[in-house]
DNA sequence: TTTTTGATATCGCATCCCGATATTATAAAG
DNA sequence: CTTTATAATATCGGGATGCGATATCAAAAA
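Protein chains in written order, with the numbering used here: chain Y, 123 to 224; chain A, 123 to 224.
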């Protein structure tokens, strides 16, 4: 199956996953790459990090730098606006699911 | 809520809707615009038509021209490959839904 | 003939995706 | 104490994509 098409189809799914995890608890970039792989989404750092930056600059996520074993990691957590977007995404995802299931 | 982000989040949803409807029965472009509006997705022709062309050139949809009241309409119906992609989308949508619900 | 309407097509700019590559910092190896 | 390895994050180039605005095209209505 053409990967080109599939990826684009699911980019929104991936971003919703990101918001969802960011709401559960703060995460850092390379953890998210592995998490997404567990869901069958292969994502290179060159794709993920710009997405995180964008979501942060748009106010959906915010960064908290933590010092972990001497190394600085950037943890992303969800903002109030991010929560709103996630809620809207849930509604839309539910509606989509209702329509296409069977 | 920022429309820029929201739109991108849901573009995949929209394409899945398109595949779903194309499987139920052939549709034509401007009908789909209204259908999507019914789901809360505003989509201009300048966005939809290139997407239909792309999905057709990638083999997810195929075109059948019908003469309706003297005018030619292009009806899109799903292909076998399109069905495969739709099935994959259903699986992924279900998985997403399971994870983010409640 | 002119205007309107419905459907489809295209243009241009800004944005975005993503593989490849680079950067930074610490730990481990020699 | 250099060198190498490893983990995490950042950036670059270019090709694709989204989308508002605008155009085309054909038939019906005025």
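Using N, Cα and C, we set each Cβ at its ideal position, and we do this for glycine too.
Let me make sure I understand the geometry here. Which of the options has the alpha-carbon closest to that of residue i?
i	options	result
residue 168 (chain Y)	Y:151, Y:157, Y:195 and Y:138	Y:151
residue 179 (chain Y)	Y:191, Y:220, Y:134 and Y:204	Y:204
residue 127 (chain Y)	A:146, A:173, A:158 and A:161	A:173
residue 177 (chain Y)	Y:165, Y:163, Y:201 and Y:193	Y:201
residue 199 (chain A)	A:181, A:191 and A:221	A:181
residue 149 (chain Y)	Y:190, Y:163 and Y:130	Y:190
residue 130 (chain A)	A:175, A:154, A:216 and A:165	A:165
residue 125 (chain A)	Y:221, Y:220 and Y:206	Y:206
Take residue i and list the residues in its own chain whose beta-carbon comes closer than 7 Å to its own, dropping the five residues that flank it on each side.
i	result
residue 139 (chain Y)	158 and 161
Measuring CB to CB, does residue i end up less than 8 Å from residue j?
i	j	result
residue 214 (chain Y)	residue 135 (chain A)	yes
residue 187 (chain A)	residue 196 (chain A)	yes
residue 218 (chain A)	residue 145 (chain A)	no
residue 141 (chain A)	residue 211 (chain A)	yes
residue 155 (chain A)	residue 170 (chain A)	yes
Excluding five sequence neighbours on each side, which residues of the same chain lie with their C-beta closer than 8 Å to the C-beta of residue i?
i	result
residue 163 (chain A)	132, 135, 136 and 139
residue 246 (chain Y)	Any question about residue 246 (chain Y) goes unanswered here, given that chain Y covers just 123 to 224.
residue 143 (chain A)	149, 154 and 157
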